[in-house]
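First residue of the sequence shown: 0, per numbering that gives the first Met the number 0; consecutive thereafter.
Beta carbons: idealized from backbone N, C-alpha and C, even for Gly.
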Amino acid sequence: MQTNEITAALGSWPMLSPLLCVPHTEEDYEHLVAFLDRLIDEVGEDESHPLASLMEIVGVLIERYEDCDVPELAE
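Here it is, written out as structure tokens:
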């Protein structure tokens, strides 16, 4: 990653980090699910929406947690 990309990430991450994390607890998971619900309300089916990729990332994080930590969903 180039230095300017790191600088941009450092400038943005403090605002984003409370919204976006790898879930390790049920509380983290519930937070991400609520955030995904709000993103879905905003983005809908619009794949060109600026937040569409963020919605996809949050969905992947939720799916990972469910696959690893919610046995009844893995079956």
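Coarse secondary structure for residue i, derived from DSSP in three states
{"i": "residue 67", "result": "helix"}
{"i": "residue 41", "result": "helix"}
{"i": "residue 47", "result": "coil"}
{"i": "residue 24", "result": "coil"}
For residue j and residue i, the rounded distance between their alpha carbons
{"i": "residue 39", "j": "residue 3", "result": "31 Å"}
{"i": "residue 11", "j": "residue 49", "result": "15 Å"}
{"i": "residue 33", "j": "residue 1", "result": "33 Å"}
{"i": "residue 60", "j": "residue 6", "result": "24 Å"}
Span of the alpha helix (DSSP H), counted from its first residue to its last, around residue i
{"i": "residue 19", "result": "Element bounds for residue 19: n/a, residue is neither H nor E."}
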